[in-house]
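A.B. asks: Straight run, no breaks: the sequence shown in the working numbering ends on number 706.
Take this structure first; my questions come after.
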Amino acid sequence: MLYHVKIQIDQQALGFDAQREQIASADAAQALELKEAGALKALWRRADAGGSIFVVEAEDHQALASILQGMPIFEYLKNIEVTPIYAHPTFA
């Protein structure tokens, strides 16, 4: 199943030091791994706020939860919105 995920990062909690750079680097590495595994289908930065929008393919809600909770930046997320999606029949 495909999921549209919108996250917002708590910039204050994340801080602005070397730890932030480590987390960002680890998060980018994990995103690349998920892309190579076929789970991360698309990824965009949000222009309206700090965060990202992405499309993930996961077997079910629990598998998606595992992916999200495994993100290095997970503890710094202040908002996560998840919407299950599927291709529109007109454009499929």
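For glycine and all other residues, C-beta sits at the position ideal for the given N, C-alpha and C.
Just so it is clear, the structure is predicted and the values come from calculations on it, not from any experiment.
1. Give the single residue among E671, A638 and H618 whose Cα lies nearest to the Cα of A690.
2. So R660 is in the alpha helix (DSSP H); what residue range does that whole segment cover?
3. Would you kindly check if the distance between the Cβ of E671 and the Cβ of I621 is under 9 Å?
4. Given that a residue counts as buried once 16 or more other Cβ atoms are within 10 Å of its Cβ, and exposed if not, what is L646?
5. Could you pull the start and end residues of the alpha helix (DSSP H) that E635 belongs to?
6. Counting C-beta neighbours from all protein chains within 10 Å, is the total for W617 16 or more, i.e. buried, or is it exposed?
7. Am I right that I687 and I623 are in contact with their C-beta atoms under 8 Å? What's the rounded C-beta distance?
8. Could you check if G652 is buried or exposed, using at least 16 other CB atoms within 10 Å of its CB as the buried criterion?
C.D. replies: Reading from the atomic positions:
1. The sequence as given places Tyr at residue 690; Ala does not occur at that position. Of the candidates E671, A638 and H618, the one whose C-alpha sits nearest the C-alpha of Y690 is A638.
2. Secondary structure note for R660: it is in no alpha helix (DSSP H), with a DSSP letter that is neither H nor E.
3. Result no, Cβ atoms of I621 and E671 do not sit closer than 9 Å.
4. Label assigned to L646: exposed.
5. E635 -> alpha helix (DSSP H) spans A632 to E650.
6. Residue identity differs from the one stated: residue 617 is Tyr in this sequence, not Trp. Burial call: buried.
7. Here I687 really is in contact with I623; their C-beta atoms are around 7 Å apart, less than 8 Å.
8. Under this definition G652 is an exposed residue.
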